[in-house]
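What follows is a single structure, written as structure tokens, with notes after it.
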Amino acid sequence: MDTAYVIDTLFALFSITLIILMVPGFAMLEAGLVRTKNVSSVLTVNVMIYAVASMAFILIGFHLAFGDAETTTMSKWAFFMFQMAFVGKAINIMSGGVGERAKLLPLTLFTIIMGAFIYPTAVNISWGSDWLKDTLLDINMVDLAGSTVIHSTGGWALLAAILVIGSRKGRYIGDQMRVIPASNIPLVVLGAMLLWIGWFGFNGGSVGSIATKEAADSVALTIFNTNVAGLAGAISAGILIYARYKLFDITMILNGALGGLVAVTAGAHLFTLYDALAVGFIGGLLVVLAIPLFDKVRIDDPVGALSVHLVNGIWGTLAVGIFASDAAKNITFMNQLKGVAEIAVFVFTVSFVIIYLINKVFPFRATDEEQQQGLDVSECGLEAYPEFKRAI
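Last residue of the sequence shown: number 391 in numbering that gives the first Met the number 0, and the count goes up by one each step with no gaps.
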């Protein structure tokens with residue numbers, strides 16, 4: 000028994016390390032996709048999200064999510080840290096999507112509320128102590144590592160924020176959309192690949208144990224399917240982007256890979272090879288299709304976070320009901336859909352109200368002059384590339 004306890008504790012600690020590696024992953028991805036005049040502000044936001052969200056979860060959120068639940072299969076501190084590692088990822092999804100116009104102070108205030116109350120409540124009613132148990136609203140969906148609980152939660156909060164804050168200055172002029180190119184493609188590639196590697200801990204660690212032959216096989220299957228879905232998403236995005244534009248856009252290919260990884264997150268432990276391939280392939284296509292659709296309705300998302308995390312969080316959760324339905328285990332499409340809908344209504348509504356109220360006191364949106372100058376100067380007083388002449 001002690002041997003299994005030690006092995007599972009070490010496995011959790013290793014998974015935590017991979018998950019926290021996603022913090023620089025998000026930071027590099029976002030820093031590469033925004034303009035050089037906003038890089039320091041984006042990096043600062045990512046560091047603050049990790050620090051503030053984690054502390055809010057440590058002090059308040061964990062108990063709200065799990066109550067007095069104790070684990071006997073591994074160290075309680077490892078379990079605690081594993082759950083803490085997730086919270087920042089939900090809010091990291093927001094940071095890039097409101098990039099280049101969101102101010103740090105109000106975003107930090109929302110991060111505290113997200114880490115202490117909104118995200119833990121989503122966890123409570125899905126993975127945690129379950130306030131809704133034995134009620135009509137009880138959520139019975141399968142969501143291994145959070146296609147909905149983490150990715151869609153972050154996506155719904157981001158959508159609420161964009162609706163309150165608005166688009167970047169000059170992004171939409173009349174009926175025209177101004178293309179704002181990425182500033183550093185190598186950083187985009189580095190960030191996306193760090194996220195991809197981190198996903199192995201994200202999904203594999205969520206199996207919860209590796210100390211028996213059966214558990215080890217489940218972890219290996221989960222990581223295998225995770226990688227397959229990422230590969231399939233990159234390939235499908237590359238095919239579709241080339242078919243539409245006769246170009247291989249590396250940012251779109253990488254977002255396709257991330258879309259596939261988000262999609263497989265709900266059911267990576269249940270899928271066959273071909274299930275994971277199909278889920279990831281469709282995920283990559285959805286990213287390429289969704290990004291221009293959001294732009295058409297003037298939802299300005301500099302990094303494509305809504306398309307990657309919200310759209311594919313929904314798709315991946317529903318895909319469990321399509322590819323891995325099992326009446327004996329209560330895995331049905333309707334249960335998956337119900338879980339998606341309840342999390343959506345709760346997170347979007349509460350996030351919108353809170354962001355709207357914060358915005359009344361501490362405006363989220365940087366002024367047009369601050370955006371023109373770049374948030375590195377107005378928010379940080381520290382430019383990432385001071386030797387460059389910044390293009391407006």
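All residues carry an ideal CB built from backbone N, CA and C; glycine is no exception.
| Item | Value |
| --- | --- |
| Just how far apart, CA to CA, sit L284 and Y241? | 12 angstroms |
| Under the rule that 16 or more other beta-carbon atoms within 10 Å means buried, what is P105, buried or exposed? | buried |
| Can you tell me the Cα-Cα spacing of I222 and M21, whole angstroms? | 16 angstroms |
| By DSSP, does Y171 sit in helix, in strand, or in coil? | strand |
| Measure the alpha-carbon distance for I161 versus D300 and round it to whole angstroms. | 8 angstroms |
| Cα separation between L193 and P23? | 7 angstroms |
| Just confirm the distance between the C-beta atoms of A262 and A228, as a whole number of angstroms; I'd bet it's less than 8 angstroms. | 6 angstroms |
| Distance, Cα to Cα, D325 vs V188? | 38 angstroms |
| Per DSSP, R34 forms a beta bridge with which residues? | Note: R34 sits in no beta bridge, so no partner. |
| Would you mind working out which of I149, G173, I57, F25 sits nearest T43, comparing C-alpha positions? | F25 |
| Among M54, F10, G153, which residue has its Cα nearest to the Cα of S350? | G153 |
| In its own chain, which residues sit with a C-beta less than 8 angstroms from the C-beta of L272, not counting the 5 before and 5 after it? | F223, N224, V227 |
| Contact defined as beta carbons within less than 8 angstroms: I believe G207 pairs with R364. What is the distance between those atoms, to the nearest angstrom? | Their Cβ separation, rounded to whole angstroms, is 42 angstroms, which puts G207 and R364 out of contact at 8 angstroms. |
| Under 8 angstroms, do A64 and N139 count as touching if we go by C-beta distance? | no |
| Whose C-alpha, out of G320, T70, E99, I234, is nearest the C-alpha of G31? | E99 |
| If T72 and D7 are in contact, beta carbons under 8 angstroms, what's the gap, nearest whole angstrom? | 5 angstroms |
| Can you check which of these residues, G190, G266, L136, G96, is closest to G312 by C-alpha distance? | G266 |
| Rounded to whole angstroms, what is the Cα-Cα separation between V51 and G320? | 35 angstroms |
| For D129, which three-state DSSP category applies? | coil |
| Any idea which residues DSSP pairs S77 with across the strands? | The displayed chain sequence assigns Ala, not Ser, to residue 77. BP columns for A77 are empty, so no partner. |
| Specify the secondary structure class of T72 as computed by DSSP and reduced to three states. | coil |
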